[in-house]
Amino acid sequence: MNILIVTQYFFPETFIINDLVVEMEKQGHNVTVLTGKPNYPDGKIFSGYKASGVVREKYAEDVEIVRVPLRPRGAGGAKNLILNYLSFVLFGCLLGPWLLRKKKFDVSFVFVPSPITGAFPAMVLKGLTGTPIALWVLDLWPQSLVVTKFVKNPVLLKAVEAMVWFIYRCCDSVLVQSKSFIEPVKKIDSKCTPIYYPNSFKKMSIDPTLTLPLDAENALKKHFSVVFAGNIGKAQSVETIVAAAKLLQDLPDLKIVFVGSGSMLSWIQDKIKIDGLSNIQCLGRFDISYIPLIYAQSSALLLTLNADEILKYTLPWKTQSYMAAGKPIIGAIDGEGARTILEAECGLCGPAEDAQALADNIRRMYVMDPLELEAMGNRGKKYYEDNFEMTTQTTRLINILRTTK
Numbered sequence: 001m002n003i004l005i006v007t008q009y010f011f012p013e014t015f016i017i018n019d020l021v022v023e024m025e026k027q028g029h030n031v032t033v034l035t036g037k038p039n040y041p042d043g044k045i046f047s048g049y050k051a052s053g054v055v056r057e058k059y060a061e062d063v064e065i066v067r068v069p070l071r072p073r074g075a076g077g078a079k080n081l082i083l084n085y086l087s088f089v090l091f092g093c094l095l096g097p098w099l100l101r102k103k104k105f106d107v108s109f110v111f112v113p114s115p116i117t118g119a120f121p122a123m124v125l126k127g128l129t130g131t132p133i134a135l136w137v138l139d140l141w142p143q144s145l146v147v148t149k150f151v152k153n154p155v156l157l158k159a160v161e162a163m164v165w166f167i168y169r170c171c172d173s174v175l176v177q178s179k180s181f182i183e184p185v186k187k188i189d190s191k192c193t194p195i196y197y198p199n200s201f202k203k204m205s206i207d208p209t210l211t212l213p214l215d216a217e218n219a220l221k222k223h224f225s226v227v228f229a230g231n232i233g234k235a236q237s238v239e240t241i242v243a244a245a246k247l248l249q250d251l252p253d254l255k256i257v258f259v260g261s262g263s264m265l266s267w268i269q270d271k272i273k274i275d276g277l278s279n280i281q282c283l284g285r286f287d288i289s290y291i292p293l294i295y296a297q298s299s300a301l302l303l304t305l306n307a308d309e310i311l312k313y314t315l316p317w318k319t320q321s322y323m324a325a326g327k328p329i330i331g332a333i334d335g336e337g338a339r340t341i342l343e344a345e346c347g348l349c350g351p352a353e354d355a356q357a358l359a360d361n362i363r364r365m366y367v368m369d370p371l372e373l374e375a376m377g378n379r380g381k382k383y384y385e386d387n388f389e390m391t392t393q394t395t396r397l398i399n400i401l402r403t404t405k
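Be aware that the sequence shown starts at 1, since it is given in full-length UniProt numbering, and climbs by one per residue.
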């Protein structure tokens with residue numbers, strides 16, 4: 001198949017679409033990517049690129065990338081984000097069809113973590129060439145705008161809902177990353193038949209040439225280490241983790257380890273000093289190549305989110321990477337995340353934002369027999385292989401794209 005990927009985000013930004021594209025190529029398909037200039041998550045255009053101008057380059061040898069101008073997201077804030085989103089829509093719609101005029105595609109596959117407006121360039125191309133669209137919904141609109149209070153005006157929210165309805169109607173297939181997304185999508189467009197297609201994960205092997213810094217290795221290997229990896233932001237309910245750590249100071253060998261960075265990292269570091277929390281350690285950011293080694297040296301992996309209604313619908317992407325690592329998972333999470341952990345029988349889970357339940361589950365796992373912990377991890381790995389393994393899931397995606405007309 002000749003497949004066009006339409007996405008605001010692509011390599012060298014770190015998103016699952018990068019690996020999916022490589023896997024599509026491996027399976028014999030010709031892939032072209034229409035995208036913007038890399039600037040996520042720091043908001044600055046990456047070295048070697050500039051915001052203006054069109055760039056054509058290769059990825060993984062055979063994938064052609066066509067980059068349209070893009071205003072970077074900057075330091076965040078509503079104005080910067082809106083201009084960032086609109087710049088991709090504007091230049092993708094105006095320049096995309098012209099830049100791709102010599103190519104004929106069987107389907108456009110739209111990857112939209114957020115916002116859903118990233119589908120408009122594919123819609124314009126469909127209007128001009130008839131190329132069918134498969135839209136992969138990874139964030140619910142307008143629900144996300146309500147929960148984040150990004151938009152409060154009810155009239156504007158109705159307008160956004162109408163826009164989302166129009167986008168769904170223009171697409172020939174609508175894929176959703178969570179089973180919990182199906183009903184909200186159908187509520188907006190009753191004629192839509194969403195297809196469940198979860199995030200997959202390309203399992204990484206441990207690089208034998210890599211070694212961790214001594215402080216990191218000591219934190220992980222010399223303690224019962226519970227690792228939280230990834231974005232340390234407001235949605236991750238890190239306050240719940242810190243509150244649980246306060247309740248667990250009697251466990252001498254416990255260490256809660258944060259790996260990553262984000263807007264709440266400095267708050268955690270301040271709480272460690274103020275409250276004397278010696279059972280928490282922040283290791284900072286690591287290159288992704290180190291993550292398999294960090295997971296392998298951990299005792300358990302930690303998954304938390306806020307108790308927001310919209311987050312109940314979402315399965316955090318790192319759930320798949322945790323399962324692939326074959327380690328038991330401790331969750332303080334509601335909805336789809338809790339359902340998946342409990343269905344896989346790969347860990348212990350309590351309600352989101354419940355520090356006491358989280359502390360109780362860490363305490364339970366702390367005293368478990370190592371063989372029981374290993375069995376939990378193995379069940380998670382099996383669930384990953386059956387439901388989230390990338391090669392299998394890419395084959396399934398191609399079958400969906402073949403029927404998108």
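C-beta atoms are modelled at their ideal positions from N, C-alpha and C, and glycine is treated no differently.
Keep in mind that this is a model prediction, so the values were computed, not measured.
Identity of the residues DSSP links to L4 by a beta bridge: Partner(s): T32, S108.
Contact belief for G337 with P351 at Cβ below 8 Å, rounded distance in angstroms: About 11 Å separates the CB atoms of G337 and P351; that is not less than 8 Å, and the two are not in contact.
Inter-residue Cα distance where the pair is I232 and I167: Going from the Cα of I232 to the Cα of I167 covers about 32 Å.
Own chain, CB closer than 6 Å to P142, minus 5 neighbours either side, in chain order: For P142, where only same-chain residues beyond five positions count, the Cβ hits under 6 Å are L157, V160, E161.
Coil, strand or helix - V68 by DSSP: Correct three-state label for V68: coil.
Opening and closing residue of the beta strand (DSSP E) in which S225 lies: That run of the beta strand (DSSP E) goes 224 to 229.
Any beta strand (DSSP E) of 3 or more consecutive residues that is wholly inside the segment 127 to 178: Counting only runs that start and end inside the segment 127 to 178, the beta strand (DSSP E) elements of at least 3 residues fall at 133 to 137, 173 to 176.
Beta-carbon proximity list for S321, same chain, < 6 Å, skipping 5 on both sides: Correct list, in chain order: F201.
Cβ-based neighbour list, Y197, same chain, cut-off 6 Å, excluding 5 preceding and 5 following: Counting only Cβ-Cβ distances below 6 Å, and skipping sequence neighbours, we find L175.
Of the listed residues R71, Y383, E372, nearest to A344 (C-alpha basis): Comparing Cα-Cα distances from A344 to each of R71, Y383, E372, the minimum goes to Y383.
In chain order, each beta strand (DSSP E) run of at least 3 residues that lies wholly inside the segment 224 to 281: Those beta strand (DSSP E) runs which fall completely within the segment 224 to 281 and span 3+ residues are 224 to 229, 254 to 259.
Neighbourhood of E57 by C-beta distance below 6 Å, restricted to the same chain and skipping five residues each side: Excluding residues within five positions, the ones whose Cβ falls inside 6 Å are I65.
For F181 and T314, the rounded distance between their alpha carbons: Cα to Cα, the separation comes out at about 8 Å.
Extent of the continuous alpha helix (DSSP H) run through K191: Counted as a single uninterrupted DSSP element, the stretch harbouring K191 is not any alpha helix (DSSP H), since DSSP gives it neither H nor E.
Sub-8 Å separation of K44 and P72 beta-carbons: Cβ atoms of K44 and P72: closer than 8 Å.
Exposure label - K37; buried when at least 16 CB within 10 Å: Counting C-beta atoms within 10 angstroms of its own C-beta, K37 has 16 or more neighbours from the protein chains shown and is therefore classed as buried.
Straight-line Cα distance separating M365 from L311: Between the alpha carbons of L311 and M365 lies a distance of about 25 Å.
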